[in-house]
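Working notes, beginning with the structure itself.
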Amino acid sequence: MNEDGGSEWVALREDDGRAYLLQRTPGEVKVKGLGRFDVEQLLNGYSIGDRITVGQKSLSIVDPALPEARRNMARRAQVIGIKDSGFLISWMGIGVGSKVLEGGHGSAGLAMHLANVLGSSGTLISVESRPEHAEVGRANMERLAEVLPEFPDWHLIDGDLIEVGQAVSGICQSLDAAIIDVAEPWQVVPTIEPLLRAGGRLACYCPTTVQLERSWESAQRQGLVIEWAGEMIERKWVKASKGGVRPGNQPMGHTAFLLIAAKIVPHEEE
Ligand SMILES: C[S@@+](CC[C@H](N)C(=O)[O-])C[C@H]1O[C@@H](n2cnc3c(N)ncnc32)[C@H](O)[C@@H]1O
């Protein structure tokens, strides 16, 4: 049991980074990739930091964190990955105590990264219009809440971003940041912009150039100033079999163009 009386989670980690999340509850469970067993019986006599053999696999027993939770998350919609989540969080100045809106919530890929940095003083508002996606996202977030030492005040609004103004105002006075990941981000920018505090930032995640251009224009029409637009290119390196390190054979894949815009204080009329 953890301090809150909930069941404790542990991660069994393969040396290559693959990980399995296990909850210390009595009774047999099936863990995809590992088999069927009683977790309490399996871990009896072992502690965090020990090595254990399960079937043919030799695994490290570790405390789970965001990477382990992500590797075990259920996915329905396309998720925002580490590369873009990390960049958005740092560029937008999101951290402990921030008040952040994100939508569409989908499978909670981005929301999990946000929850990881907001701490218990932060507020996270997620919006999702499709209940079948919200259900997957909620399950991923509920499990993350049991894994992380601190979790923000999290609200999942079942609805359309375009109509979310009143619901958000009922939760917090103004937002520090908002990240929009829907097919037509430019349509919701006019709803979200008034919810931002002066100096707050809005980002759009745009897989195509058309989405980027329309979102850019929509943000400017709302009086926002574009601070950064472009894409993050990631190139992974590997250890070569004959010695040395070199870029791997995997192609550089496109994820999305990112647009980050800031709310400024309007100029005084002359
Ligand atoms: C690409 S997925 C979001 C992925 C999510 N950001 C993540 O990182 O896992 C887009 C989601 O937006 C939802 N969506 C589309 N239009 C929406 C709207 N106007 N309001 C709220 N959600 C919307 C879709 O149902 C879908 O689940």
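In the numbering used here, the protein residues as written are 35 to 304. Cβ coordinates follow ideal geometry from the N, Cα and C atoms, glycine included. No experiment lies behind these values; they were computed from the predicted model shown.
Check: Please report how far the alpha carbon of Arg70 lies from the alpha carbon of Gln57, in whole angstroms.; Outcome: 13 Å
Check: Met146: buried (16+ other C-beta within 10 angstroms of its C-beta) or exposed?; Outcome: buried
Check: For a test of the three-state rule: what should DSSP assign to Ile213, helix, strand or coil?; Outcome: strand
Check: Which word fits Val299, buried or exposed, when buried means at least 16 other C-beta atoms lie within 10 angstroms of its C-beta?; Outcome: exposed
Check: Looking at C-alpha atoms only, which residue of Gly51, Ala211, Pro101, Arg109 is the closest neighbour of Lys117?; Outcome: Pro101
Check: Here's a check: name, in chain order, each residue in its chain whose Cβ is nearer than 8 Å to the Cβ of Glu302, leaving out the five neighbours to either side.; Outcome: none
Check: When you compare only the Cα positions, how much space is there between Leu152 and Pro228?; Outcome: 22 Å
Check: Reducing DSSP to helix, strand and coil, say where Phe291 ends up.; Outcome: strand
Check: Here's a check: name, in chain order, each residue in its chain whose Cβ is nearer than 8 Å to the Cβ of Gly264, leaving out the five neighbours to either side.; Outcome: Phe291, Leu292
Check: Per DSSP, what kind of secondary structure is Asp194 in: helix, strand or coil?; Outcome: coil
Check: Between Pro219 and Gly89, what straight-line distance do the alpha-carbon atoms span, to the nearest angstrom?; Outcome: 48 Å
Check: Which residues mark the beginning and the end of the alpha helix (DSSP H) in which Val181 is found?; Outcome: 165-181
Check: Let me make sure I understand the geometry here. Which of Tyr54, Val279, Arg109, Val44 has the alpha-carbon closest to that of Tyr80?; Outcome: Val44
Check: Under 8 Å, with one C-beta from each stretch per pair, do the segment 238-254 and the segment 165-175 reach the 3-pair mark?; Outcome: no
Check: Does DSSP put Pro219 in a helix, a strand or coil?; Outcome: helix
Check: What's the gap between the Cα of Asp49 and the Cα of Lys91?; Outcome: 10 Å
Check: So, at 6 Å on beta carbons, what are the nonlocal neighbours of Ser163 in its own chain, with the 5 sequence-adjacent residues on each side left out?; Outcome: Asp194
Check: Is Asp215 near ligand 1 - that is, is its Cβ less than 6 Å away from at least one heavy atom of it?; Outcome: yes
Check: Enumerate in chain order the residues of its own chain whose CB-to-CB distance from Ala296 is below 6 Å, with the five nearest sequence positions on each side excluded.; Outcome: Arg235, Val259, Glu261
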